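The opening residue of the sequence shown carries number 695 in our numbering; numbering runs sequentially from there.
Reviewing the structure listed below.
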Amino acid sequence: MWDVEVAHKRLKEQFPDSILETYSFQGEMTIKVKREDILPICKFLRDDPDLAFDFLTDICGVDYPQREERFEVVYHLYSMRRNKRLRIKASVSDGEALSTVESIWKAANWLEREVYDMLGVPFEGHSDLRRILTWEGYQGHPLRKDFPLRGEDFEHYEVPAEPPDVIPKFPDTGEGQRYMILNMGPQHPATHGVLRLVLKLDGEVIVDAIPYIGHLHRGVEKLAENMTYTQAVTLTDRLDYTAGISNNLAYILAVEKLLGIEVPKRAQYIRVMLAELQRIAAHLLWLATHALDMGAMTVLFYTFRERETVLDILEHVTGARLTPSFLRIGGLAADLPDGIEGRIRAFLEDFPRRIHEYETLLTENIIWLKRTKDVGVITADEAINWGLTGPVLRGSGVRWDIRKVFPYSSYEEFDFEIPIGEKGDVYDRYLVRLEEMRQSARIIHQALDRLPDGEVNYYDPKVTPPSKELVAEEINALIRHFKLKSEDISPPPGEVYASIENPKGELGWYLVSDGSNHPYRYRIRPPCFVNLAALPEMIKGHLVADVVAVIGSIDIVLGEIDR
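Shown next as structure tokens:
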């Protein structure tokens, strides 16, 4: 029986002096290693056939100002073959560098840049170690604990003495040719928000590209670390704002994992139902904007018709259309309202016919085929190396879905398929999302048919408040309500990682608790951020017009990328 203990044993055999500490919390193993050996250890974890940690889920940092080695850099690894996770840590002092692991996993490129930008930890040997969410010339590192929550005085940024060079430095090809440098965005409508893409062109053919992000950076992680656990729920809605309920769910599952609690079965089923309705709404918005970017306006009118129906249902349940904050730590804000099940069933009965209409417009349309087939191809191996998830990964033929490999909220009790593509092009990603909507409808049908009776909140006086009826009748309930609302929950010290299958891919939270009522570290693993990093590889050799198609097929939301 393979277990993470095997990884620990193999590492001790191979690197007997490099393993500093090993511990477990809530079923997750963490191994602390010497910083000098992080590169050979990561290479061994990937290449050893007994381990095969071929997928880099995330890299982040944690600041401990009171420690001599101030920063912990945390690597979340995953083995596709073994379906196991592992957390590796290395500590560094302020000013010390870690070796980059970019040569092992391409996904490390942007993730290491973010650690450098937010905490100031450099990575030796990195190919392009620049700031990524703030701008060149920005002073300080926002996620350090001594960086002020309100930020620095920005007046001195008004007229810099030496403005930074806005022309990117592309690698020198040595060919002596003159290339055109073209800015696409951040105002371009097809960049879906505030993405700036700098293209290096030979005529109309893309030779290289550099994405610039961070225009929408709001410091969500910093804000959350200065809020209580419950207050931080509202920040999740503003990430992928096309899938607010999904964001709520990922964060709340992480908090519940910290607490070691499991919510009632009825609440789990309702969460699944709402998350799948949100997935359908998000995919409908994606299809509308993706087709519109390429000149197919009619699709927008079709898909928004169904999307409005879904949003009306979500509004009936949660009271909001965009930022619901409806899920609660330990359950839900309320049970399902009367009559909602009939509305959902009516939508599900009509929805297959609507998807067929979308396919009639696009699937065999000769213009659509020419714009999407063999465009933006990424192979399965490359997709795994870049850490891609969601429809982008499945479009490359990898049958991988968090709902199947790490089931949460009772997903193991539902029967559904994972659609995959063949070539990994724009067209495959389109087909995958269409089928995912059908599978979401199938899951919702099952949830309605088997919806359990019972409570929708876990009962624990330290986690969930009493009902309003009880508060009005009993003084002890009123006191409990006041204490919980004013002080909030205080999970035990520890660290956990929990993730879900968001419409865009794997959305995860790494939470570190110091025993207080606010998270010491609130790290978001954003699927759009990781998926976008591979864009330059996907568009090289294509035309400028193809960039629009490829960006649309990734389905990015800058609110989540920039955070």
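Think of the CB as a built atom: it goes at the ideal place given N, C-alpha and C, for glycine as much as any other residue.
Since we're looking at a predicted model, the values are computed, not measured.
Under the three-state DSSP convention, the category residue i falls into
i       : result
Leu780  : strand
His770  : strand
Met988  : coil
Tyr1216 : strand
Pro1221 : helix
Leu917  : helix
Trp829  : coil
Asn1151 : strand
Met695  : Residue placement at Met695 is flagged as unreliable, the pLDDT there being 41, under the threshold of 50; a coordinate-derived value is accordingly withheld.
Gly1089 : helix
Glu950  : helix
Ser793  : strand
Ala937  : coil
Glu722  : strand
Ala976  : helix
Thr928  : helix
Asp750  : Per the sequence shown, the amino acid found at residue 750 is Leu instead of Asp. Leu750: strand per DSSP, three-state reduction.
Val1071 : coil
Val957  : coil
Val700  : helix
Ser1247 : helix
Phe1100 : coil
Nearest-angstrom Cβ-Cβ length linking residue i and residue j, presumed shorter than 8 Å
i       : j       : result
Leu1066 : Ser1090 : According to the sequence provided, residue 1066 is Thr. The question's Leu does not apply to it. Not confirmed; about 15 Å, so no contact.
Met988  : Val1251 : About 19 Å; that fails the 8 Å criterion.
Ile904  : Pro1230 : 7 Å
Ile1194 : Leu947  : 7 Å
Ala801  : Gly1081 : 3 Å
Glu1111 : Gln1133 : 6 Å
Glu722  : Val1190 : 6 Å
Glu915  : Arg1257 : 7 Å
Ser1103 : Val1224 : About 23 Å; that fails the 8 Å criterion.
Lys951  : Ala1192 : 5 Å
Ser1247 : Arg1123 : 4 Å
Glu1200 : Ile1096 : 6 Å
Status (buried if at least 16 other CB within 10 Å, exposed otherwise) for residue i
i       : result
Tyr810  : buried
Ala701  : buried
Asp1249 : buried
Pro1031 : exposed
Arg1219 : buried
Ser712  : buried
Tyr717  : exposed
Ser1207 : buried
Asp757  : buried
Phe1045 : buried
Val957  : buried
Met812  : buried
Ala1239 : exposed
Pro759  : exposed
Asn1151 : buried
Phe1176 : exposed
C-beta contact flag for residue i and residue j at 8 Å
i       : j       : result
Ser1019 : Asn1079 : no
Thr828  : Gly908  : yes
Met1232 : Gly1070 : yes
Ala1227 : Asn777  : no
Ile1258 : Val901  : Summary: the structure shown does not reach residue 1258, with the chain confined to residues 695 through 1257, and so no result is reported for it.
Asp752  : Arg740  : no
Gly819  : Ser793  : yes
Leu805  : Pro816  : no
Leu981  : Tyr1052 : yes
His977  : Pro1146 : no
Val1011 : Leu968  : yes
Pro1155 : Arg1174 : yes
Ile704  : Asp742  : In the sequence as presented, Ile is not what sits at residue 704; that position holds Arg. Taking 8 Å as the Cβ cut-off, Arg704 and Asp742 qualify as a contacting pair.
Met878  : Leu895  : no
Arg692  : Ala1040 : Residue 692 lies beyond the range of the chain shown here (695 to 1257); nothing can be said about it.
Neighbour flag for residue i against chain D, beta carbons, 8 Å
i       : result
Thr1083 : Structure shown: chain D not included; a single protein chain is present.
Those residues which DSSP pairs with residue i across a bridge
i       : result
Leu1128 : In the DSSP output, where bridge partners are listed per residue, Leu1128 has none listed.
Leu891  : Met878 and Pro905
Leu1237 : Val899
Leu1021 : Leu1026
Phe1045 : None, per the DSSP bridge assignment.
Val756  : Glu766
Tyr715  : For clarity, residue 715 is Glu in the given sequence; the question names Tyr instead. Per DSSP, Lys726.
Ala1192 : Trp1203
Glu1111 : Its beta-bridge partners do not exist; DSSP assigns none.
Glu818  : Ser793
Ser785  : Glu766
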